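> Dropping a structure here in structure tokens format, bear with me for questions.
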Amino acid sequence: MSGVRRAMLEMGLATCCVLCDAPDEAGSNRCRQCIATHKGVRERVSELPAQSLVSQWSKELFQMLARPSAYEHDDTHGEWMTAYAQLLHGQSKKPRATTQEDVAAAFEAARQKKRMNTLREMANQSKWKDVEPTEKELHDLSQELPTDIVDKSGIRTVPSKEITRVDRSERPGEDHELTARVQASASNQDTPDDLKDLMVDLKVGEKRAEKKQWKDIVDDVEDLFD
């Protein structure tokens, strides 16, 4: 099994390294070919139109590989993400290369992990879980419902004057990059120390790019109206 290569780590693809079956030889032909291939793929994805499904799907895939621990509760990919996260977490604790047994053990642990569904757990605590409420219980419950609710659905709001746009650029506490960094740090608490700073920087970079892309779109729309 191959160890994590720095170039792959910087691209957020360390997961590929821990699953690689090549000998742990840095600078080998296979490593160079793999790094070059992944770099080329990322460059091609960055050139795709942001609105295309292929671009959105590819970026989501890269995010899942870079931060598998953030997707452990995903209904479709959660089992695999848990296994990937355990393999990456083990890299900071075990000096030896990952073996096939480590991979198998990580996937088995992910399969055995109980999935928690909050809504289902709350529903299972209901006293009417296995039996329907009686007529009296239904009547008592209906009496507890509020009667002073005014239905305002469908009412159109028409402002009496023009609403001026507020300049929020100088407001304290609205540092978007700082907010993104705090959120990224919170979501990467379980990430190994040697990967945490990189994962945070990647997430902040993604948020910065998304904000710039959104600003460009808004500017284009305003230009069309002008």
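The sequence shown: position 198 = 214 (this note's numbering), numbered continuously.
All C-beta atoms, glycine included, are put in the ideal place defined by N, C-alpha and C.
It should be emphasised that the depicted structure is a prediction, and the values quoted were computed from it without experimental measurement.
1. Going straight from the alpha carbon of Glu-148 to that of Glu-160, what length do you get?
2. Glu-222: which of Ser-176, Glu-76, Phe-241 sits nearest, CA to CA?
3. What does the alpha-carbon distance come out to for the pair Glu-41 and Arg-48?
4. My guess is that Ser-62 and Thr-207 are in contact by the Cβ rule of under 8 Å, so how many angstroms apart are they, rounded?
5. Which value, in whole angstroms, describes the spacing of the CA atoms of Ala-120 and Leu-157?
6. Assuming Thr-31 contacts Leu-104 (C-beta within less than 8 Å), just tell me the rounded distance between them.
7. Classify Val-70: buried if its beta carbon has 16 or more other beta carbons within 10 angstroms, exposed otherwise.
8. Tell me which same chain residues have a C-beta within less than 8 Å of the C-beta of Lys-231, skipping the five on either side of it?
9. Shortest alpha-carbon distance to Ile-51 belongs to which of Met-24, Gln-67, Arg-60?
10. Does the distance from the CB of Ala-125 to the CB of Glu-95 come in under 7 Å?
Quick look at the numbers:
1. Position 132 of the sequence shown, counting from 1, holds the residue named residue 148. Position 144 of the sequence shown, counting from 1, holds the residue named residue 160. In this model, Glu-148 and Glu-160 are separated by some 18 Å (Cα to Cα).
2. Here residue 222 corresponds to residue number 206 of the sequence shown, with the count starting at 1. That would be Glu-76, whose Cα lies nearest to the Cα of Glu-222.
3. By one-based count along the sequence shown, residue 41 stands at place 25. By one-based count along the sequence shown, residue 48 stands at place 32. Cα-Cα distance, rounded: 11 Å.
4. Residue numbering aside, residue 62 sits at position 46 when the sequence shown is read from its first letter. Residue numbering aside, residue 207 sits at position 191 when the sequence shown is read from its first letter. About 24 Å separates the two Cβ atoms, so there is no contact after all.
5. Locating residue 120 in the sequence shown gives position 104, counting from the first residue. Locating residue 157 in the sequence shown gives position 141, counting from the first residue. Just so you know, the alpha carbons of Ala-120 and Leu-157 end up roughly 52 Å apart.
6. For this step, residue 31 is matched to residue 15 along the sequence shown. For this step, residue 104 is matched to residue 88 along the sequence shown. At roughly 6 Å, the Cβ-Cβ gap stays under 8 Å, so Thr-31 and Leu-104 are in contact.
7. Here the question's residue 70 lines up with position 54 in the sequence shown. Classification for Val-70: exposed.
8. Residue numbering aside, residue 231 sits at position 215 when the sequence shown is read from its first letter. A distance below 8 Å between beta-carbons, with the five flanking residues on each side excluded, links Lys-231 to no residue of its chain.
9. Position 35 of the sequence shown, counted from the start, is the residue given in the question as residue 51. In terms of Cα proximity to Ile-51, the closest of Met-24, Gln-67, Arg-60 is Met-24.
10. Along the sequence shown, read from residue 1 onward, the residue named residue 125 stands at position 109. Along the sequence shown, read from residue 1 onward, the residue named residue 95 stands at position 79. Contact: no.
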